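Below is one structure, written out as C-alpha cells, with a few remarks after it.
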Amino acid sequence: MKISEAALKPSCLILFQQISNEHEGSPSDSKRHALEQLMEASISNDRTIWTKYFNQILTAVLEVLDHSDSSVKELALSLITEMLKKQKDAMEDSVEIVIDKLLHVSKDTVPKVANEVDNCLTTLLAQYDPFRCLNVLVPLLVTEDEKTLVTCINCLTKLVGRLSQEDLMAQLPSFLPSLFDAFGNQSADVRKTVVFCLVDIYIMLGKAFLPYLEGLNSTQLRLVTIYANRISQARTGVPIDATQ
1 MKISEAALKP SCLILFQQIS NEHEGSPSDS KRHALEQLME ASISNDRTIW
51 TKYFNQILTA VLEVLDHSDS SVKELALSLI TEMLKKQKDA MEDSVEIVID
101 KLLHVSKDTV PKVANEVDNC LTTLLAQYDP FRCLNVLVPL LVTEDEKTLV
151 TCINCLTKLV GRLSQEDLMA QLPSFLPSLF DAFGNQSADV RKTVVFCLVD
201 IYIMLGKAFL PYLEGLNSTQ LRLVTIYANR ISQARTGVPI DATQ
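Numbering (the UniProt record's numbering) for the sequence shown: 1 to 244.
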C-alpha cells in the first residue's frame, strides 16, 4: 500500500523520534516499526516525500546503525540499500558520510549485519562516483584495524573495474604503496584480499602494470602472477602471461 504525503507528513516527526529516541517498554520494537514505515515509503518512491524529508530520514537512519539490537541495524541497513537505489539523486550529496558509517558498521560480528553492510557497499560502489568513493577509502588503507582494512581493500577491488585503464593508471600512485604495505600484514585475510585486488588490477592493465609489481618481493610477485593466470584463464580462456 502506497503511503501518501498527506498520510506520512503528520507522522514524520513521530517516526524520527521513534528512531532517534529510546522509549519505555520496547524501544527496539518502536525503532523497527518506524524503519518498516520508512521502508514502505522508500518502496513507494513518492518524490515529494523524499524531497522534503530526505536529510532528516538519512540522518535518523544512520544514527540507528549504532543501536545495540542487531535486528534493528539489519533493518536500517536494508533501508539504506533501498534509498541508495531509489533516491540516488538525493543520496549523491551524502556518499562520503554513508561510506564512512558503513565502514564503521562493517566491524559488526553478527553475520546478518555484516551481510547487509556488504549489500549496501556493493550497491553504493556500483552506482556512485568512483572517484569520490576512492577519496574516502584510500586514506583508510593505512588503518591498523584488520576488519576495516579488509573491507576497504575489497571495496577498492570493486571500484577498480569501474575505472578506465587510463584513470586506473593515474590512480595507482595514490593507493599502491598502502596496498603493498598491507601485503606484509600479519593477517592472512588482509594478505589474501591484497592478492586478489592486485590480480584484478593486473588483469585489467596487463603488461603496463608489471613495472609497478617490482615493488613486491619474489614470493609475493609469484603469488600474484599465479592467481592472475588462473583467474584470467577462467574468465577468458587465456592465461594472462599469454596476453603479454
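C-beta atoms are modelled at their ideal positions from N, C-alpha and C, and glycine is treated no differently.
On a predicted model such as this, the values are computed, not experimentally measured, just so you know.
Candidates the options: closest to residue i by CA position
i: T109; options: R235, D200, N229 and S70; result: S70
i: residue 312; options: P173, L58 and R235; result: In the structure as shown, the chain begins at 1 and stops at 244. Residue 312 is therefore absent and cannot be evaluated.
i: L168; options: D145, V195, Y202 and V238; result: Y202
i: L176; options: T148, Y212 and N185; result: Y212
i: N115; options: L179, A76, H67 and V160; result: A76
i: V194; options: L149, D145, V113 and S78; result: L149
i: M91; options: V117, H67, Q127 and V105; result: Q127
i: V105; options: V64, T143 and K88; result: V64
i: Q147; options: L179, V138 and L103; result: According to the sequence provided, residue 147 is Lys. The question's Gln does not apply to it. Answer by Cα proximity: L103.
i: Y227; options: I99, P239 and V113; result: P239
i: Q233; options: T143, T151 and V199; result: V199
i: L179; options: L159, I153, Q171 and D189; result: I153
i: V160; options: C197, A41 and K88; result: C197
i: F54; options: H67, D66 and L38; result: L38
i: K192; options: E36, V224 and T236; result: V224
i: D129; options: L163, V117, Q56 and L140; result: L163
i: L156; options: V190, T219 and G184; result: V190
i: E74; options: L141, T51 and K31; result: K31
Start-to-end residues for the alpha helix (DSSP H) that takes in residue i
i: H104; result: V95 to V105
i: P239; result: First-last for P239: undefined, no H or E at that position.
i: N115; result: P111 to Q127
i: E74; result: S70 to K86
Check: residue i C-beta below 7 Å from any heavy atom of the ligand SAH
i: T193; result: Within the structure as shown, the ligand SAH is missing, as the structure has no ligands at all.
Chain C contact for residue i (CB, 8 Å cutoff)
i: S94; result: Here there is only one protein chain, and chain C is not present.
Would you call the region 79-97 and the region 121-133 in contact, with 3 or more CB pairs under 8 Å?
By the C-beta criterion, the region 79-97 is judged to be in contact with the region 121-133, since at least 3 inter-stretch pairs fall below 8 Å.
Does the region 89-105 come close enough to the region 127-139 that 3 or more CB-CB pairs lie under 8 Å?
Between the region 127-139 and the region 89-105 there are three or more C-beta pairs closer than 8 Å, enough to call the two in contact.
Entirely enclosed alpha helix (DSSP H) segments - the region 133-215, minimum 4 residues:
Correct list: 146-160, 165-182 and 188-205.
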